[in-house]
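Reading through the structure tokens given below for one structure.
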Amino acid sequence: MSINRREFLKIAGFGAVMGLSGATVAAAVKKEVEATGPYMTDPKGLAAKRWAMSVDMSKFKSDADVQKCIDACHQIHNVPDIGNTKEEIKWLWTETYEHAFPGNEDEYIAPHYKHLPFLVLCNHCSNPPCVRVCPTKATFKRKSDGIVMMDMHRCIGCRFCMAACPYGARSFNFKDPRPSIKRELNPEFPTRTKGVVEKCTFCYERLAKGVKPACVEVSNGALAFGDIDDPNSDVRKVLDANFTIRRKPEIGTHPSVYYVIGGKEHD
Amino acid sequence: MYDSGKIIVGLVIFIVIATLPFTLNLGKAVAKPSPSIDTPVINQMAKKQCVESKDDMKTAHMQMLNNWRDEVVREGSRLYTAKDGKSYNMSLQNTCMNCHSNKKKFCDECHNYVAVKPYCWDCHLVPKEGA
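Chains as they are written, first to last, in numbering that gives the first Met the number 0: chain F, 0 to 266; chain R, 0 to 130.
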């Protein structure tokens, strides 16, 4: 049996119409299922368009205040203390001015600022290079609130993200971290395993419960956290009232962590 | 056939070795796994009911855990509404293991029997047993 050109076009056209309408019906059904699925976000949780943090160095009165934030973070997230700078795991740590803000260091900057312990962490960039390079999408930016997340189940430990991160915010587990956790384990949070990369997560597990990140809670107001999109949020109030800088803004990653350098309050 | 003697002897030796796991265990029954739900939290429950029915949990807990993982980590959803309308916090470490605090007698019992080694516990903490 042969068909002529006219018949072929008729059949092809009819088929295309049927195919398209089928696809829209399928999409509608899928949407329906998604809307009525058994999963929902906890209404108690905090929500934002994009989370951001400000670090006011003038409000840290001593090194102990800074250490308190680090300890709070590392305690609840079961962060190991490897004791070896080549293999250390860092979520929240301190850097000197010239390391935190390279390119801004001046020869005659007041020595006081050179030696401030700048609290640094993952910047939860709006344009995160780590997410771009991840081959498994183990690290990704949450659409809902802009947090740059890690999915440890997917991480294959290739460390591309560590090479990509311009802030050194990512650490690799060269060995099983559990023996190196000297503190009492937090039973509500997992540890990590050998061969995955980890970093600060803006305490997504606490935000889901409706509480602010652990470091913010113990910082006595030195750290402010909130929705950068909301003009009344804590972080926006700090940004409105102070001159702030960000780490390496020139490379276009749009970090979400802002620094108030402040006066000479810190000794 | 050249060297038939050597070949046949070789074949016999191969078959004996290849079937050794079966012949060695012939007639021996391995004890059936009997996961225990004897934990303080479960014992206090009036109606011993998991998130879904026992049969569903038995056959599909792995799919459920996979879905929970993806929902929590990637979508940020934390609550699961079961078929009976009850709502649960989707968490292996905080929800599942809160009731099933006996990993050795519950999880491992069947996992060892069927020789599967889920890597949950590389990261997730096991509740302290006997506490």
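Ideal Cβ placement from N, Cα and C applies to all residues, glycine included.
Residue range of the beta strand (DSSP E) that includes residue i
i, result
"F/V54", "W50 to D55"
"F/R131", "Run containing F/R131: none in the beta strand (DSSP E); it sits in the alpha helix (DSSP H), P128 to V132."
"F/I244", "T243 to R245"
"F/E97", "Premise fails: F/E97 lies in the alpha helix (DSSP H), Y96 to A99, not in any beta strand (DSSP E)."
"F/Y107", "Taken as a continuous stretch (DSSP letters only), F/Y107 belongs to no beta strand (DSSP E), as it is neither H nor E."
"F/F139", "T138 to K140"
"F/A223", "L222 to D226"
"F/F117", "F117 to L120"
"F/V147", "V147 to M149"
"R/L78", "L78 to T80"
Residue i versus residue j - alpha carbon distance
i, j, result
"R/A17", "F/C133", "44 Å"
"F/F59", "F/A99", "17 Å"
"F/Y203", "R/K47", "32 Å"
"F/G18", "F/F7", "16 Å"
"R/D69", "F/K67", "33 Å"
"F/I250", "F/G102", "12 Å"
"F/C157", "F/V147", "18 Å"
"F/V65", "F/R182", "18 Å"
"F/A11", "F/S20", "14 Å"
"R/A130", "F/I180", "Its pLDDT being 47, under 50, R/A130 is placed unreliably by the model, and nothing is read from it."
"R/L91", "F/A162", "32 Å"
"R/I36", "R/F105", "7 Å"
"F/T23", "F/V16", "11 Å"
"R/P126", "F/L184", "11 Å"
"F/F242", "F/M151", "37 Å"
"F/D70", "F/G194", "24 Å"
"R/F13", "R/L19", "10 Å"
"R/S86", "R/K53", "17 Å"
"F/D144", "F/L45", "10 Å"
"R/E51", "R/C122", "25 Å"
"F/D267", "R/V115", "No statement about residue 267 of chain F is possible, as the shown extent of chain F runs from 0 to 266 and does not include it."
"R/V60", "R/V40", "The displayed chain sequence assigns His, not Val, to residue 60 of chain R. About 20 Å."
"R/L155", "F/V259", "Residue coverage of chain R in this structure runs from 0 to 130, which leaves residue 155 of chain R outside it and unanswerable."
"F/Y257", "R/E128", "45 Å"
"F/T135", "F/C164", "16 Å"
"F/D105", "R/W120", "49 Å"
"F/R141", "F/I2", "53 Å"
"R/K149", "R/L23", "Given that chain R is displayed from residue 0 to residue 130, the structure contains no residue 149 of chain R and the question cannot be resolved."
"F/H114", "F/C154", "36 Å"
"F/N231", "F/A213", "21 Å"
Supposed contact pair residue j and residue i - C-beta distance, whole angstroms, cut 8 Å
i, j, result
"F/I75", "F/F188", "6 Å"
"F/G261", "F/M52", "Contact flag wrong, Cβ pair sits at about 16 Å."
"F/P248", "R/L124", "The Cβ separation is near 39 Å, so there is no contact."
"F/L222", "F/V54", "6 Å"
"F/C160", "F/T138", "5 Å"
"F/W50", "F/D226", "7 Å"
"F/T252", "F/P128", "6 Å"
Segment limits, alpha helix (DSSP H) that includes residue i
i, result
"F/V256", "Unbroken run through F/V256 is the beta strand (DSSP E), V256 to V259; no alpha helix (DSSP H)."
"R/K53", "K53 to D69"
"R/D107", "K102 to Y112"
"R/N88", "Careful: R/N88 lies outside any alpha helix (DSSP H), inside the beta strand (DSSP E) at S86 to N88."
"R/D121", "C119 to C122"
"R/T18", "Careful: R/T18 lies outside any alpha helix (DSSP H) and carries neither H nor E."
"F/Y112", "P110 to K113"
"F/L238", "D233 to A240"
"F/L206", "Y203 to L206"
"F/M161", "F159 to A163"
"F/A63", "D62 to I75"
Residue i versus the options, residue with shortest Cα-Cα distance
i, options, result
"R/Q43", "R/M0, R/V15, R/C98 and R/Q92", "R/C98"
"F/M149", "F/Y112, F/F201 and F/T95", "F/F201"
"R/P32", "R/E108, R/K103, R/S100 and R/T80", "R/E108"
"F/A47", "F/V210, F/Y107, F/E87 and F/N77", "F/V210"
"F/N172", "F/S61, F/S255 and F/T84", "F/T84"
Could you tell me whether the segment 178-197 of chain F touches the segment 8-27 of chain F, using the rule of 3 or more Cβ pairs below 8 Å?
Output reads no: the segment 8-27 of chain F does not touch the segment 178-197 of chain F.
Is the segment 3-14 of chain R close to the segment 22-30 of chain R, with three or more CB pairs under 8 Å?
With the cut-off at 8 Å, the segment 3-14 of chain R and the segment 22-30 of chain R do not touch.
Three CB pairs or more closer than 8 Å across the segment 38-53 of chain F and the segment 71-86 of chain R:
Enough Cβ pairs lie closer than 8 Å, so yes.
Quick test of the definition: if touching needs 3 or more C-beta pairs under 8 Å, does the segment 162-180 of chain F touch the segment 112-124 of chain F?
Touching, per the Cβ criterion.
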